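Peer 1: What follows is a single structure, and I will ask about it in a moment.
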Amino acid sequence: MALSVPEQEITTVLHWFSQWGRFQQQDFMTDLVNKAVPPDVDLLFDAMNKINVKDKPPTMFQCQLKLFGQWFERWTEKERDNFMRHLQERNPSFVQEFHRNVETRLQNQNSI
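Heads up: the sequence shown begins at 1098 in this note's numbering, then just goes up one per residue.
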């Protein structure tokens, strides 16, 4: 039986993840945490001010993150959970760190 489109996308992102280095995985972590708990608006503006616009084309990794973001937005909650479950199977420490980061972000936002 053929995989659904979201299942194919999940498989693709998991493959990319397995090929990324530590720093790329950390950038992906930041992206995932931002999707789970959007950052405070002030922090977002600070980050946008730090963005350095360049004439260089995006890297393969940047393209992968952009594509992941587009797919992730279309996935249902069940598909997102499925992605995280597969990621947990492949890299439990990454997912544990993700949960800690989400918890920290929530605590920081609640204390403001």
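We treat Cβ as the ideally placed atom computed from N, Cα and C, and that holds for glycine.
Treat the numbers as computed from the prediction; the structure is a model and nothing was measured.
Using CA atoms only, rank isn't needed, just tell me which of L1184, Q1123 and T1127 is closest to T1109.
Peer 2: Taking only the C-alpha atoms, the option nearest T1109 is L1184.
Peer 1: Drop a sphere of 10 angstroms on the beta-carbon of V1102, count the other beta-carbons inside from all chains shown, and report buried for 16 or more, exposed for fewer.
Peer 2: By the neighbour-count rule (16 or more Cβ atoms within 10 Å), V1102 is not buried but exposed.
Peer 1: Would you say F1158 and W1117 are within 8 Å of each other, going by their C-beta atoms?
Peer 2: Result yes, Cβ atoms of F1158 and W1117 sit closer than 8 Å.
Peer 1: Got a sec, what are the start and stop residues for the alpha helix (DSSP H) L1100 sits in?
Peer 2: Run containing L1100: none; DSSP gives neither H nor E here.
Peer 1: Sorted by chain position, which residues of the same chain lie with C-beta nearer than 7 Å to M1181's C-beta, five sequence neighbours on each side aside?
Peer 2: Hits under 7 Å: V1192.
Peer 1: Going by C-alpha to C-alpha distance, which of L1100, V1130 and P1154 sits closest to L1203?
Peer 2: The shortest Cα separation from L1203 among L1100, V1130 and P1154 belongs to V1130.
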